[in-house]
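Just so it is clear: in the sequence shown, position 8 is 8 by UniProt numbering, and no numbers are missing.
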Amino acid sequence: MSQGRVKDSDIGGDRRVQLGRLGDYVGFRMRRVQNQLSADFMAATAHFGLRAGLFSSLALIDANPGLSQQELSSAVGLDKSITVQIVDELERRGWAQRERSKVDRRRHALTILPDGRTFLDQLFVIMETVEAEVLAQLSPDERPIFDGALDRMYDVFHR
Numbered sequence: 001m002s003q004g005r006v007k008d009s010d011i012g013g014d015r016r017v018q019l020g021r022l023g024d025y026v027g028f029r030m031r032r033v034q035n036q037l038s039a040d041f042m043a044a045t046a047h048f049g050l051r052a053g054l055f056s057s058l059a060l061i062d063a064n065p066g067l068s069q070q071e072l073s074s075a076v077g078l079d080k081s082i083t084v085q086i087v088d089e090l091e092r093r094g095w096a097q098r099e100r101s102k103v104d105r106r107r108h109a110l111t112i113l114p115d116g117r118t119f120l121d122q123l124f125v126i127m128e129t130v131e132a133e134v135l136a137q138l139s140p141d142e143r144p145i146f147d148g149a150l151d152r153m154y155d156v157f158h159r
């Protein structure tokens, strides 16, 4: 947990801040949790000097060998120019490489390199630690329901 974390109860003494109408919107509620998890992860990995989107990009390249930059951009939800910068950084650090696709010469196929996989394993250990307290709020039966609901909501945007 980040030492800089501000809890609702810390604002205005012991009073928990009410969400009002914002509490009716899933985007706000999800973003609130995501912002905190992201901040805690960035704090826990600050010594690596990672830019936002690098971890998720490396993980998706690992899970999808041969993924194109365009597919990566879409999956991570980043602008194509930002994705190019991330892939440049992954190559510079020796964690991934891009090669011309053997199927479509106009595209680059992305693959993770051994050092990238080793580093990714370290990042996943950190991510598990960062998310542990939050995920402990869900029972083992609730977790697959929660994950499924998130996936169905995301799928609305990618039909």
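The beta-carbon is built from N, C-alpha and C at its ideal position, and this holds for glycine as well.
Can you give the Cα-Cα distance for residue i and residue j, rounded to whole angstroms?
| i | j | result |
| --- | --- | --- |
| residue 163 | K102 | The structure shown does not extend to residue 163, since the chain is modelled only from 1 to 159, so the question has no answer here. |
| D88 | L150 | 30 Å |
| T118 | W95 | 9 Å |
| L72 | I82 | 11 Å |
| R143 | A136 | 10 Å |
| Y154 | T45 | 27 Å |
| D40 | V130 | 6 Å |
| G27 | V33 | 10 Å |
| E91 | S38 | 24 Å |
| A17 | P114 | It should be pointed out that residue 17 corresponds to Val in this sequence rather than to Ala. The straight-line gap from Cα to Cα measures roughly 47 Å. |
| V125 | A52 | 18 Å |
| A75 | Q85 | 16 Å |
| N35 | E133 | 15 Å |
| L19 | R29 | 9 Å |
| R93 | L123 | 15 Å |
| R106 | F146 | 39 Å |
| Y25 | G116 | 38 Å |
| Q69 | L78 | 11 Å |
| F157 | G148 | 15 Å |
Quick check on residue i: does DSSP put it in helix, strand or coil?
| i | result |
| --- | --- |
| R21 | helix |
| F157 | coil |
Between which residues of its own chain and residue i is the CB-CB distance below 6 Å, once the five residues before and five after are set aside?
| i | result |
| --- | --- |
| A109 | G66, E99 and S101 |
Keeping to the same chain, check which residues put their C-beta closer than 8 Å to that of residue i; ignore five residues upstream and five downstream.
| i | result |
| --- | --- |
| residue 168 | As shown, the chain starts at 1 and ends at 159. That puts residue 168 outside it, with no answer to give. |
| L54 | I86, E89 and L90 |
### Query
Could you give the uninterrupted runs of the beta strand (DSSP E) lying entirely in the UniProt domain "HTH marR-type" (23-155), keeping only those of 3 residues or more?
Here the runs fully enclosed are 96-100 and 108-112.
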